[in-house]
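Per the numbering used here, the very first residue in the sequence shown carries number 736; after that it's consecutive.
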Amino acid sequence: MARLLYSATMSLDGFIAGPGGDMSWLTPHVGAPNPTADRLLTRIGCLLVGNRTFGGDDPNAGTDAEGAFGGRYSGPVVVLTHRPSATPGVVFTDDLRTAIRLSREAAGERYVNVLGADVARQCLEIGELDEILVFLAPVLLGGGTPLFRGSHQVDLVPVPGESALWFRVATPEPA
736 MARLLYSATM SLDGFIAGPG GDMSWLTPHV GAPNPTADRL LTRIGCLLVG
786 NRTFGGDDPN AGTDAEGAFG GRYSGPVVVL THRPSATPGV VFTDDLRTAI
836 RLSREAAGER YVNVLGADVA RQCLEIGELD EILVFLAPVL LGGGTPLFRG
886 SHQVDLVPVP GESALWFRVA TPEPA
């Protein structure tokens, strides 16, 4: 069954989007050689995307690099939203568990790549987020959308043989 992986590029001060959702800070960092991102891209079977991320600012809008992974991803997309739009090839749902089920079905044995901090938080809260991969960009934004806003501590375990910032969500020991 597909695993849910939250991947994001984060500033060194912990933000994945600048104030107001601004993503222009990311433009100089898109397209830089990244073997981990290249390897991940070949293992993604579906994107599970939040509405703000889906309709948000793309630092490469209007170029060949527009879209997920610098425009290199092409495949199934499920958007979690209460405001669906008519976008060909995209599935919209307002129910998290339905979004996860549809994404897993579309991904098969490959990853469901979660895009959007709020969707990732929701998946984590219901015990459905399996892994987290963080790419660091050499910039300090000073504010914006943090990588996570959570209500409790979550322990992570490094994924062997992967980037130092690729983790599995630890399964808590029974009490």
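Ideal placement from N, C-alpha and C gives every residue a C-beta, glycine not left out.
Beta-carbon proximity of residue i to residue j, cut-off 7 Å
i	j	result
G780	A842	yes
L855	I751	The question names Leu, but residue 855 in the sequence shown is Ala. No, the Cβ-Cβ distance between A855 and I751 is not below 7 Å.
P850	C858	For clarity, residue 850 is Leu in the given sequence; the question names Pro instead. The answer is no: Cβ separation not under 7 Å.
G753	L837	no
V764	A872	It is worth fixing the name first, because residue 764 is His in this sequence and not Val. It is a contact, given that the beta carbons lie within the stated cut-off.
R839	A737	yes
T777	S898	no
V813	L783	yes
V869	L900	yes
P893	F902	yes
V847	L739	yes
Where residue i falls, given that 16 or more other Cβ within 10 Å makes a residue buried
i	result
I835	buried
E866	buried
A803	buried
T833	exposed
S809	exposed
S746	buried
T822	exposed
P811	buried
Residues bridged to residue i [DSSP beta-bridge criterion]
i	result
V904	L891
I867	Y741 and F902
F750	P881
L783	V813 and V849
A872	S746
Subject >> Continuous beta strand (DSSP E) assignments of at least 3 residues falling wholly in the region 796-848 >> reply: 812-815 and 825-828
Original post:
Okay, do the region 874-883 and the region 807-819 touch, 3+ Cβ pairs below 8 Å being the bar?
Top reply: no
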